[in-house]
Structure formats: C-alpha cells, structure tokens
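Participant: First to last, the protein sequences are chains P and C.
Going left to right, the first sequence walks through residues 1 to 225 as the numbering used here numbers them.
Going left to right, the second sequence walks through residues 1001 to 1206 as the numbering used here numbers them.
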Amino acid sequence: MSSLKALVAIWRKDMKSEMRTRYAINAILLFAFTTLIVISYSISPYRVSLNDRPFIYASLIWIVLVFSALSGLARSFVKESESFTEDQLRISTSPEAIFLGKLLFNVTVIFVLELLIVPVFILITRLHVVHPVYFILLLLSGGAGLCMVTTIMAAMIARARVKSVLFSAISFPLLFPLIITVIKGTEKSFRIMRITHWNEFLMSTAYAILLGVLAYFLFPLIWRD
Amino acid sequence: MLPYGLELINIAKHFDRRLLFKKINCTLERGQILTISGANGSGKSTLLRIMTGLLKPSYGAVHYYIHSRKLTPDQVSMNIGIVAPSINVYDELTAFENLRFLINVRGMEYDEQRVNDLLQRLGLIDFKNEMVSIFSTGMRQRLKIAAAILHDPLFLFLDEPFSNLDSEGMQIVDNIIEAQCERGCVVIASNMKTGEKKGDMRIELS
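#1: Between the beta-carbon of Ala58 of chain P and the beta-carbon of Thr151 of chain P, is there less than 8 angstroms?
#2: Going by DSSP, which residues form a beta bridge with His197 of chain P?
#3: Just the chain P side, please: which residues come within less than 8 angstroms of Asp1074 of chain C by C-beta, in chain order?
#4: Measure the C-alpha to C-alpha separation of Thr34 of chain P and Val64 of chain P and round it to an integer number of angstroms.
#5: State the Cα-Cα distance for the pair Tyr23 of chain P and Asn1164 of chain C, rounded to the nearest angstrom.
#6: Residues of the region 16-49 of chain P with a CB closer than 8 angstroms to any CB of chain C: list them in chain order, please.
#7: To the nearest angstrom, report how far apart Asp1074 of chain C and Arg1106 of chain C are at their CA atoms.
#8: In angstroms, rounded to a whole number, what distance separates the CA positions of Leu1158 of chain C and Arg1114 of chain C?
#9: Between Met1078 of chain C and the rest of its own chain, which residues show a CB-CB distance below 8 angstroms, the 5 nearest in sequence each way excluded?
#10: Based on the DSSP output, what are the partners of Gly1081 of chain C in its beta bridges?
#11: Where does the unbroken alpha helix (DSSP H) through Asn1164 of chain C begin, and where does it stop?
#12: Thr1035 of chain C lies in the beta strand (DSSP E); which residues open and close that run?
#13: Anything in chain P within Cβ reach of Leu1093 of chain C, meaning under 8 angstroms, just list it in chain order.
#14: Does Thr1194 of chain C pass the burial test, meaning 16 or more other C-beta atoms within 10 Å, or should it be called exposed?
#15: By the three-class DSSP mapping on this structure, what secondary structure does Phe1021 of chain C have?
#16: Taking any Cβ of chain C, which residues in the region 83-110 of chain P have a Cβ under 7 angstroms from it, in chain order?
#17: Near Arg1049 of chain C, which residues of its chain fall below 7 angstroms by C-beta distance, leaving aside the five closest residues on each side in sequence?
#18: Going by DSSP, what residue range makes up the alpha helix (DSSP H) through Val1062 of chain C?
#19: List the residues of chain P that Val1105 of chain C touches, going by C-beta distances under 7 angstroms, in chain order.
#20: Run through chain C and tell me which residues come within less than 8 angstroms of Arg224 of chain P, C-beta to C-beta.
#21: Identify the contact partners of Phe1101 of chain C in chain B, using a Cβ-Cβ distance below 7 angstroms as the criterion.
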C-alpha cells in the first residue's frame, strides 16, 4: 500500500514538474513536429504510389514516435541525477516504487505524444486508416514497449557523462524488434479491413510485458549500485 | 540490549590507488552524537555516504540495529535522514510541495499541521508556497534540514549542516539538532561544533 502511495507520489511530482518546466514535452514535440513538417514537404501524398503508401507511412509514423520518445524520455532519471535529487529519492522509498512511478510518467508522456502527433500525421499525409482499432491497439502496445525500454535505459545512463548519445545507442538495438513488429502491424491496419491474425499486436504486447518484468527486477540492482 | 544503534566495522575506502581512510571502527547508540572532522578532501562526506548506504566501502561493513535485529538496506533508508551538499530538494516545487512529496513517497500519513509546524520552526512558513528555485542557499539549506527530520529518523546524518546559514539559521539548526538528540536520535555530523560541546564521539580523518 505504501509502495502504491509512493508510486503515485513520484508520478504526480514528475507530472507537476513537467507541467512547470515542460522539459521533456518540449524536446519531444519540437522533434516530432519538425520531423512531421519535413515529411509533409518531402513526401507529399501525391508523390507516393497508392500501393506503397501503407508501408511508407507506417514506417514514418513509428520513426517519428520512436525518435521523439528517445529525445525526451530519458529526462525522468537524468533530471534527478543532474539536480542532485536522486539520493533524496533513493533514501525515501523502494527502488520498485521509483521504477513504477517513473514508468507511469513515461507512459503518460508517450500516450499524450501519440494523441498529439498521430492525428497531425494523419491530417498532413491524408492517410486512410482501414482498421482503426488494430492501429490504436498497436499504438498502445508499441508505446508501452517503448516506455519499458526507455525507462530502464534512462536509469542506467543517468550517471554517465555522455547521456543522450549513450541513451539512443543502447536503446535502439533493444527497440529494433519492437519497431519492426509495430511497423508491420501498422501497415496491415492501413491496408486490410478484416484482420484475422493479430500477431503483431500480440507480439508487441508480449514484448512490453517481458521487458517490463525484466526491467522491474533489474532496476533495484542498477539503482542500488 | 541496545534499543537501536549502528556499528562501523573496519571501514576503508580508496578511489583507484588513493586511500582515503582505513580501519574505522565505531559503535553508536541511541542519543549519541558522532562528529567527523578533518581537512578538505580527507573523506568526511565519503564516510557519511558510506554510513548511509549511498556508497559502498572498499572494505568493511556498516550494520544498523533495532533491538539487536539487523536492518535491511530498505529498512535503513526508512530510518535515516540526511542533510548534505550532494542531496538537493526539488527546484520546481514549492517548499510545502517538497515536504508533502517526501511524506507521500515515504508512505507516511499526511499531516498538514506537522508540515506547517516544521516550516515554522525553520523560519520558512512565510515562503511555504514559493518555488524553491527562488530560494537563497541558506533557505534551501533550512528546507533540506526540514526534509531530513520530517519522518523523525532514528539516525540523522549532517554533512556541513551550518553551511550557507546566517547566525539566526545556525541557532535554529542548533536547536533542532539538540531536540533530535533529546528525542534519542543518533546524530552523525561533519564539521559541526555541537558534538564537541557535548563531548560525544569523534572521528578525525587525516
């Protein structure tokens, strides 16, 4: 019960802090909208054949989401380290509560990011999502998987000197299977009306759960060392 | 049988080949004060960090006891309070929000009166709704002391507790330390005069 209280307190503190400083959100949105504008100018809908559109747009949307997330999600732990509040947190509650609080914050940020970016992407590319339910499920499971990896990686690199470079370099190989899976699934949701096998959604959900469980048990070792 | 205490057994610390200190042994009981003194770079803050579990010693061990039962690292964390230059409060929260956050994150029952009383004792009540980012270093130090004693810790670690404080602030903090000792808290401090006055234990690092 006290862990749940601590988890919620960390999430609320991070949300309040983010609303006041807008550090992660600004970094993420700046990257996302810059990329979207570049896409809208360079690959307008008329320059891509109808047959190629689902694959190209599925790839582009996940590239925007993944790299936007990588540009901002490390902040949750890096900020604690840079502002010397990490030890205050370390002596105040269990590592598990800290991990889950930070994870919940990152999940909130990524879902807000998806809520803002995806409609704009659809609008500027004039994309027709054939199977919206499958598309939304992939956004949720893919976003969750993205958060599992970035949260644990952010904790690992928080005390390193070249944080941002290291964060992207070690997160990307871990994210690669997830990105491939969600791109395939997203392409399917842009192309097929009746999806009988929800393999990509199941795989990305399994990935998120597996990485989440691994990160949960690994985090205390990283945090205490 | 000790109600509670801590024991340092043969503590040594070196960074690469540089030996900071070695063979530090000490046992502290309820209500005692230990002062750690020494020149800059002698390892006072390092020894304090080792005692709090924030840093591992190169050799030796620190044991905490309550009624002869050894505490786990998590139990130690819940029973210590630390004031140190390397431990900060949140700039983007107000003084009040900082303390409320620490109450919630420690799983304690929220008591607004208690938070207000603490801020009053530290002379911060008029600034309770101000962002910490606009606080002076002295006000920040007072808030850090409030954060350290908020949960009535059994062990209080003070690394240069009087730094950046004016004479009024020093008097307030001195009174708070006295009150903590009377409550039975074990106080471990670096660069502090109170321990010397009381004639408790002392470690001199060279």
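C-beta: ideal position from N, C-alpha, C; glycine also.
Facilitator: Short version:
#1: When the beta-carbon positions are compared, Ala58 of chain P and Thr151 of chain P stay at least 8 angstroms from each other.
#2: DSSP lists no partner for His197 of chain P.
#3: Ser94
#4: 10 angstroms
#5: 29 angstroms
#6: Lys16, Ser17, Arg20 and Thr21
#7: 11 angstroms
#8: 22 angstroms
#9: Arg1106 and His1151
#10: C:Leu1156
#11: Segment: none, Asn1164 of chain C is in no alpha helix (DSSP H) and carries neither H nor E.
#12: Per DSSP, the unbroken beta strand (DSSP E) holding Thr1035 of chain C starts and ends at Ile1033 to Gly1038.
#13: Lys13, Lys16 and Ser17
#14: For Thr1194 of chain C, the pLDDT reaches just 49, beneath the cut-off of 50, and the residue's location in the model is therefore unreliable, leaving the point undetermined.
#15: It is a strand residue.
#16: Ser83, Phe84, Thr85, Asp87, Gln88, Arg90, Ile91, Ser92, Thr93 and Ser94
#17: Leu1055
#18: Note, Val1062 of chain C: premise wrong, no alpha helix (DSSP H); beta strand (DSSP E) at Tyr1059 to Ile1066.
#19: Ala6, Ala9, Ile10, Ser92 and Thr93
#20: Pro1073
#21: Checking the listed chains, one finds no chain B in this structure; the protein chains it contains are P and C.
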